[in-house]
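Participant: The structure that follows is given in the form of structure tokens.
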Amino acid sequence: LVSPCVQLPGFCEGGSSSLGIQGRVNCKSFLGHKSVYRMCFATAAFFFLFALIMICVRSSKDPRAAIQNGFWFFKFLILIGITVGAFYIPDGSFTSVWFYFGVVGSFLFILIQLILLIDFAHSWSQIWLRNANEGNAKGWYAALFIFTFTFYAVSLAAVVLLYVYYTKPDGCTENKVLISLNLIFCIIISVVSILPKIQDAQPHSGLLQASIITLYTLFITWSALANVPNKYCNPTLLVRNSTAGLVADGQVTQWWDAPSIVGLVIFLLCTLFISIRSSDHSQVNKMMLTEESPAMLSGGDPSVEDGAHRAYDNEQDGVAYNYTFFHICLFLASLYIMMTLTNWYRPDEGSQMMTSPWTAVWVKISSSWAGLLLYLWTLVAPILLPGREFS
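Residue numbering for the sequence shown follows this note's numbering, beginning at 15 and increasing consecutively.
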């Protein structure tokens with residue numbers, strides 16, 4: 015993102031004429047939120063295109079499977095071409111319309127993040143409880159207690175800070191209601207997680223998972239309150255110049271606030287988690303069979319030269335993962351990154367300013383409620399559906 019102090023080149027409209035070049039090109043689309051929107055539009059369009067191309071690819075026998083696993087040079091050319099073309103899109107209503115695409119896509123991607131977070135919380139608890147049963151029980155239970163206590167302590171501090179900075183004694187009713195509701199919901203899921211019936215159905219269920227979900231819910235609440243379009247109730251609200259940076263009362267301010275930075279960190283951690291989850295030895299052997307893998311040892315191709323290590327196509331009977339869903343996730347991730355980099359601010363059509371709409375607030379709050387409901391369902395599902403397997 016470009017600082018407001020950056021001078022436009024001489025060939026741009028309004029640029030420096032020191033080079034003696036008549037400015038004819040409108041370079042505003044290369045600055046600020048417009049560049050973010052166009053870059054993310056290019057990546058989103060690229061992944062959406064490949065999601066359509068890969069529909070119903072069932073095995074590597076489909077000619078389209080070769081496109082998924084090869085032709086990297088041409089893929090980069092296509093991406094570069096779409097990116098260059100995106101900067102030729104006329105301003106008009108593009109940014110305003112694309113903002114709502116970003117809102118919907120980001121909401122769906124937050125739901126994916128919530129599913130990953132709930133999976134991570136349950137996996138963490140299961141592993142540590144299994145280790146406690148197999149080894150030093152006191153040590154593992156002490157570690158569970160320390161992390162659970164820390165998460166709840168940070169959550170309590172977050173609630174206090176939210177009330178201090180985002181509410182006022184004589185106003186800010188919406189903020190008070192949102193903070194209070196999410197606090198009550200977090201208390202409910204914490205109590206439910208340790209009910210005897212829940213413990214009988216899921217022995218690994220406990221306060222560790224509830225503390226993680228509570229902390230994430232309060233982060234989402236904080237992120238939502240940072241978008242409340244009321245300077246009196248939102249001290250972090252900024253006046254944003256869409257092409258040059260942020261200028262408020264004659265002072266240059268920063269593009270990103272703390273919720274955006276934390277959001278990007280969580281995005282990277284979720285990406286790392288899903289990568290680790292899918293990169294264990296068994297998964298690697300499923301996705302790329304070598305002559306040393308169990309499948310090849312039990313009946314591999316005998317024509318391989320001695321000492322050679324070659325990859326074999328293991329997707330002739332079925333693909334190892336859904337190609338279309340893979341690209342849809344990357345499509346949604348592009349929209350989420352776009353909204354995070356612009357702090358979910360909406361560009362005002364016909365002006366160079368960006369404003370924070372209530373739309374962003376309600377999307378984030380509703381996503382936090384969806385996450386709480388999803389976690390609650392993971393607790394009660396084994397009781398409501400006793401005939402199904404929940405492992």
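Idealized CB from N, CA, C, for every residue including glycine.
Label Cys70 either buried or exposed according to how many other C-beta atoms from any shown protein chain fall within 10 Å of its C-beta, with 16 as the threshold for buried.
Facilitator: Residue 70 sits at position 56 when you count from the first residue of the sequence shown. Its Cβ having fewer than 16 others within 10 Å, Cys70 is exposed.
Participant: My understanding is that Ser207 touches Leu197, with C-beta atoms under 8 Å, so please give their C-beta distance in whole angstroms.
Facilitator: Position 193 of the sequence shown holds residue 207. Position 183 of the sequence shown holds residue 197. Not confirmed; about 16 Å, so no contact.
Participant: Are three or more beta carbon pairs between the region 178-191 and the region 244-252 nearer than 8 Å?
Facilitator: yes
Participant: Got a sec? Which residues, its chain only, sit under 6 Å from Ala374 by beta carbon, not counting five neighbours each side?
Facilitator: As a working note, residue 374 is residue 360 in the sequence shown. Excluding positions up to five away in sequence, the list reads Asn241 and Trp358.
Participant: Can you find the residues in the same chain that come closer than 7 Å, C-beta to C-beta, to Ser348, ignoring five residues on each side of it along the sequence?
Facilitator: Counted from its first residue, the sequence shown places residue 348 at position 334. Result list for Ser348: Cys54, Thr57, Ala58 and Phe61, in chain order.
Participant: Tell me the DSSP secondary structure of Pro183 in three-state form.
Facilitator: On the sequence shown, position 169 is the one that residue 183 refers to. Of the three classes helix, strand and coil, the one that applies to Pro183 here is coil, per DSSP.
Participant: If the criterion is Cβ atoms closer than 9 Å, does the pair Thr369 and Val50 meet it?
Facilitator: As a first step, residue 369 must be located in the sequence shown, where it is residue number 355. As a first step, residue 50 must be located in the sequence shown, where it is residue number 36. Not closer than 9 Å, so no.
Participant: Quick one: measure Cβ to Cβ for Pro361 and Phe113, integer angstroms, because I've assumed they're closer than 8 Å.
Facilitator: Here residue 361 corresponds to residue number 347 of the sequence shown, with the count starting at 1. Here residue 113 corresponds to residue number 99 of the sequence shown, with the count starting at 1. Contact between Pro361 and Phe113 holds: their C-beta atoms lie close to 7 Å from each other, under 8 Å.
Participant: Give the straight-line distance between the Cα atoms of Pro77 and Ala100, rounded to the nearest whole angstrom.
Facilitator: By 1-based counting over the sequence shown, the position of residue 77 is 63. By 1-based counting over the sequence shown, the position of residue 100 is 86. Roughly 29 Å separates the two Cα atoms.
Participant: Thinking Gly385 and Ile201 are a contact (beta carbons under 8 Å), I'd like their distance in whole angstroms, please.
Facilitator: For the purposes of this step, residue 385 is taken as the residue at position 371 of the sequence shown. For the purposes of this step, residue 201 is taken as the residue at position 187 of the sequence shown. With a Cβ gap of about 15 Å, Gly385 and Ile201 do not count as contacting.
Participant: Just reading off the alpha helix (DSSP H) that His136 is part of, what are its end residues?
Facilitator: Position 122 of the sequence shown, counting from 1, holds the residue named residue 136. Taken as a continuous stretch (DSSP letters only), the alpha helix (DSSP H) holding His136 covers Phe108 to Glu148.
Participant: Buried or exposed, going by whether 16 or more other CB atoms sit within 10 Å of the CB of Gly116?
Facilitator: Counting from 1 along the sequence shown, the entry for residue 116 is found at position 102. Looking at its Cβ environment, which holds 16 or more other Cβ atoms inside 10 Å, Gly116 is buried.
Participant: Where Leu388 and Pro396 are concerned, what is the direct C-alpha to C-alpha distance, given to the nearest angstrom?
Facilitator: As a first step, residue 388 must be located in the sequence shown, where it is residue number 374. As a first step, residue 396 must be located in the sequence shown, where it is residue number 382. So the two alpha carbons sit approximately 13 Å from each other.
Participant: In angstroms, rounded to a whole number, what distance separates the CA positions of Ser225 and Leu399?
Facilitator: For the purposes of this step, residue 225 is identified with residue 211 of the sequence shown, where counting begins at 1. For the purposes of this step, residue 399 is identified with residue 385 of the sequence shown, where counting begins at 1. So the two alpha carbons sit approximately 25 Å from each other.
Participant: Can you tell me whether Pro249 is helix, strand or coil according to DSSP?
Facilitator: Locating residue 249 in the sequence shown gives position 235, counting from the first residue. Coil at Pro249, not helix or strand.
Participant: Under the assumption that Lys48 contacts Thr97 (Cβ atoms under 8 Å), give the Cβ distance between them as a whole number of angstroms.
Facilitator: On the sequence shown, position 34 is the one that residue 48 refers to. On the sequence shown, position 83 is the one that residue 97 refers to. Wrong, their Cβ atoms sit about 13 Å apart, outside the cutoff.
Participant: How many angstroms separate the CA atom of Cys343 from the CA atom of Lys152?
Facilitator: Start at 1 with the first residue of the sequence shown, and residue 343 comes out as number 329. Start at 1 with the first residue of the sequence shown, and residue 152 comes out as number 138. Those two C-alpha atoms are separated by around 41 Å.
Participant: Short of 7 Å in beta carbon distance, which residues of its chain neighbour Ala65, apart from the five on each side in sequence? Order them along the chain.
Facilitator: Position 51 of the sequence shown holds residue 65. Only residues of its own chain outside the window of five on either side were considered, and among them Thr338, His341, Ile342 and Phe345 have a CB closer than 7 Å to the CB of Ala65, listed in chain order.
Participant: For Arg52, name the three-state secondary structure that DSSP assigns.
Facilitator: Position 38 of the sequence shown, counted from the first residue, corresponds to residue 52. Helix, per DSSP.
Participant: With a threshold of 16 other CB atoms inside 10 Å of the CB of Ala79, please say whether the residue is buried or exposed.
Facilitator: As a working mapping, residue 79 is identified with position 65 in the sequence shown. Buried is the call here.
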